[in-house]
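Trainee:
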């Protein structure tokens, strides 16, 4: 009777059952708990503004999310009460708040004739996710699960919203991430490989990463192997095979359990479960098949700088020189500058393609110019650039002296790129605020040797400022040291002026100091 006079039919809106029939939702949770599930998901996969718009329930997103969390928590409580009544001890069970991918893609255009168009912005997604996250947390979930991810930029918007809400509450909550490989290409719908997907999210404080949906259990092996070195838990919950001609699923619980057992034998996973076509019987079969196995041993973090476009890039102490394509910089290329000023963006993109073809491993984009709106131009150009596969496979360096341009650029890129740059020019508070935003967007940061007194131009000033920035980042906000890139300032040498004579040597000596004294940067 809650929506008796609702203007549209709510059939198919499974999430609204959290409000209209919570007892049925709780009963389903109970069946999975009795089957041996350690983690149950809330019935909130589509409890977001985009998902509820078609049902005219966008204003009830918070209520649905909160009710879904409460239903799952009540199910756990009643499950343990029943155990105690039977003379058994209570057991620890966790509730994961399900956060689905929404129906929009933030990194791709739905219109092939307009590749720079986006149906939704990062800001809109983050706001929508934030509303859902607040409801789930207020309802008491133990874990936040961002799942069935087909576009990593959507996932980054969800992670951003989660971190902002955690910061507001002054409390951290475990985050699980689960992507979806769409077909035999072995990539997400947005084009990323399994490892690039992991790299894109490596800066976030997540405790597990993995895959669900789309594929059957036997088709997940290759993707799990791609992320087996991730220094966190790995999860997998496949479908019961691929859909048959009637839209059903044919793999039995026993068939799936034998494959899940093989995952454990190969030490690939820590968390397993079932997605489309699976039932409590499936979970019971998994629990039985895995009873004698220990979870995957989580590897130590490599402390490599992990970057990504559509493809992954790892940089460590053994890496050779990394080539950064700098020709898409208005200040450094007259040809590029003229193309941008004249609005000839497709021709400007071809410069990036040429750099990628010539071996650039990272692509720099700088649109700082007094004759254009750098922020809106950066958004349009990056969206267009990301539609070019040769360039999109590379990590992007977003280069600007303007913070609003850097921020806008980060919100266009699904991979893990580099922000160039931040410094202590405006003091420690502004420096740390920007660094925290960079991490919330999943980027690495170039830190320029520049403080409140100006640019560092001696060995002593360079090393002092770099050390100060490192300690602020690592000690104050736990910024990953491997995501710190120092720019100790290459200054003009050979000018004939005595005060410039040591510039070259000071720069090289500063690089040696950083390597020796500022670990992993």
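Numbering (the numbering used here), first residue to last: 115 to 635. Note that CB positions come from ideal geometry on N, CA and C, so glycine has one too.
1) According to DSSP, simplified to helix, strand and coil, what is residue 478?
2) Is residue 363 helix, strand or coil by DSSP?
3) Is residue 315 helix, strand or coil by DSSP?
4) Please tell me whether residue 258 has its Cβ less than 8 Å away from any Cβ of chain B.
5) How is residue 386 classed by DSSP in three states: helix, strand or coil?
6) For the segment 472-540, list the beta strand (DSSP E) runs that are entirely contained and at least 3 residues long, ordered along the chain.
7) Residue 546 to residue 388, Cα distance in whole Å?
8) Determine the direct distance from the alpha carbon of residue 369 to that of residue 357, and round the result to whole angstroms.
9) Do residue 385 and residue 347 have their CB atoms nearer than 8 Å?
10) What does residue 569 pair with, by DSSP beta-bridge criteria?
11) Tell me the rounded alpha-carbon separation between residue 365 and residue 354.
12) Taking DSSP as the reference, what is the three-state secondary structure of residue 545?
13) Would you be able to state if there are at least three C-beta pairs under 8 Å between the segment 166-180 and the segment 135-150?
14) For residue 390 and residue 444, I'd like the C-alpha separation in whole angstroms.
15) Taking C-beta to C-beta, are residue 479 and residue 429 nearer than 8 Å?
16) May I ask you to verify whether the segment 226-237 touches the segment 196-212, counting CB pairs closer than 8 Å and requiring at least 3?
17) Helix or strand or just coil, what does DSSP make of residue 266?
18) Say whether the segment 305-316 touches the segment 582-591, bearing in mind that this needs 3 or more beta-carbon pairs closer than 8 Å, one atom from each stretch.
19) Would the segment 458-468 and the segment 422-437 be scored as touching if the rule is three or more Cβ pairs under 8 Å?
20) Please classify residue 159: does DSSP put it in a helix, a strand, or coil?
21) Work out the CA separation of residue 378 and residue 410 for me, nearest whole Å.
22) Spatial neighbours of residue 337 within its chain, please: C-beta separation below 6 Å, excluding the five flanking residues on both sides.
23) Express the C-alpha separation of residue 506 and residue 596 in angstroms, rounding to a whole number.
Mentor: Reading from the atomic positions:
1) To locate residue 478, count along the chain shown from 1; it is residue 364. Three-state DSSP puts residue 478 in a strand.
2) For the purposes of this step, residue 363 is taken as residue 249 along the chain shown, with counting starting at 1. Residue 363 falls in the coil class under three-state DSSP.
3) Stepping through the chain shown from its first residue, residue 315 is reached at position 201. Three-state result, residue 315: coil.
4) Absent here is chain B; the protein component of the structure consists of one chain.
5) Walking along the chain shown from the start, residue 386 turns up at place 272. If DSSP states are grouped into helix, strand and coil, residue 386 belongs with the strands.
6) Listed in chain order, they are 476-480, 510-513, 532-536.
7) In the chain shown, counting from the first residue as 1, residue 546 sits at position 432. In the chain shown, counting from the first residue as 1, residue 388 sits at position 274. Those two C-alpha atoms are separated by around 41 Å.
8) Within the chain shown, residue 357 is the residue found at index 243, counting from 1. Within the chain shown, residue 369 is the residue found at index 255, counting from 1. If you take the alpha carbons of residue 357 and residue 369, they lie about 15 Å apart.
9) Within the chain shown, numbered from 1, the residue matching residue 385 stands at position 271. Within the chain shown, numbered from 1, the residue matching residue 347 stands at position 233. In contact: residue 385 and residue 347 (Cβ atoms closer than 8 Å).
10) The sequence position of residue 569 within the chain shown is 455, counting from 1. In the DSSP output, where bridge partners are listed per residue, residue 569 has 564.
11) Reading the chain shown from its first residue, position 251 is the one you call residue 365. Reading the chain shown from its first residue, position 240 is the one you call residue 354. The straight-line gap from Cα to Cα measures roughly 5 Å.
12) Your numbering for residue 545 matches position 431 in the chain shown. In the structure shown, residue 545 adopts helical secondary structure according to DSSP, grouped into three states.
13) With a cut-off of 8 Å, the segment 166-180 and the segment 135-150 do not count as touching, because too few Cβ pairs lie within range.
14) Here residue 390 is taken as the residue at index 276 of the chain shown, counted from 1. Here residue 444 is taken as the residue at index 330 of the chain shown, counted from 1. Cα to Cα, the separation comes out at about 49 Å.
15) Translated into the one-based positions of the chain shown, residue 479 becomes position 365. Translated into the one-based positions of the chain shown, residue 429 becomes position 315. No, the Cβ-Cβ distance between residue 479 and residue 429 is not below 8 Å.
16) No, they do not touch.
17) As a working mapping, residue 266 is identified with position 152 in the chain shown. Note: residue 266 maps to helix in three-state DSSP.
18) no
19) no
20) What you label residue 159 is simply residue 45 of the chain shown in a count that begins at 1. Residue 159 falls in the coil class under three-state DSSP.
21) Here residue 410 is taken as the residue at index 296 of the chain shown, counted from 1. Here residue 378 is taken as the residue at index 264 of the chain shown, counted from 1. Distance between the alpha carbons of residue 410 and residue 378: 7 Å.
22) Residue numbering aside, residue 337 sits at position 223 when the chain shown is read from its first letter. If we look at residue 337 and ignore the five residues flanking it on each side, its Cβ neighbours are 295, 308, 325.
23) Position 482 of the chain shown, counted from the first residue, corresponds to residue 596. Position 392 of the chain shown, counted from the first residue, corresponds to residue 506. Their backbone Cα atoms lie some 23 Å apart in a straight line.
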